[in-house]
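See structure below.
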Amino acid sequence: MTVEEPPKEISKSAAKKLAAKQAKEAKKAETQARLKAEADARDADDYSKDRYGKVTIVNSKEKTGRKWIEVEDLNTSMAGEEVLVRGRVHLSRLTGKQCFLKLRHRYFSVQVVYAVDDKISKQMLKYIGGCPKERKQWYQRRVRGCQCF
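120 is the number that the working numbering gives to position 125 of the sequence shown; each next residue is one higher, with no gaps.
Next comes the structure, spelled out in structure tokens:
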């Protein structure tokens, strides 16, 4: 013969706590779904997503043919050509549709300016402006003009 346990009744305060917990979980799930939908919509119109982001570790597996220019080698004769510069982010300032970076390498520094155009999206600017300082980065930009001191 088995003894059946009587069904447990939930007190009013326990029922309130349970209802509040369920409401909180439902609200949290709704918020997560909304944020995911917003992020997907933002990424859908990001036309420059293949031009920035984290890259895999370079183990010299392949030769890319890229020509790196040292910051100290930049000069006025390079005006108009696109160069690939590597350095540490010393300062980054995101203002509206532009991002200003100051890159440094050894004792030399250079200012890099990005602006929203047909190749650079607003999301790319946010990524560039959010890079932590002293992080080693590489940037490809066209040399406009420079003041050499």
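All C-beta atoms, glycine included, are put in the ideal place defined by N, C-alpha and C.
Inter-residue Cα distance where the pair is residue 144 and residue 109 | In this prediction, residue 144 has a pLDDT of 48, which is less than 50 and means its spatial position is unreliable; what the coordinates show is noted afterwards. The alpha-carbon atoms of residue 144 and residue 109 are separated by roughly 23 Å.
Thinking residue 64 and residue 80 are a contact (beta carbons under 8 Å), I'd like their distance in whole angstroms, please.
-> 6 Å
Rounded distance between the beta-carbons of residue 103 and residue 66, thought under 8 Å = 4 Å
Would you mind sorting residue 55 into buried or exposed? The rule is 16 or more other CB atoms within 10 Å of its CB.
-> exposed
For residue 75, name the three-state secondary structure that DSSP assigns.
-> coil
Please name the residue or residues paired with residue 21 in a DSSP beta bridge.
-> Its beta-bridge partners do not exist; DSSP assigns none.
For residue 100, write down the residues that DSSP places opposite it in a beta bridge.
-> 103
In or out: residue 72 buried (at least 16 other Cβ within 10 Å) or exposed?
-> exposed
Between the CA atoms of residue 16 and residue 105 - distance to the nearest angstrom | 54 Å
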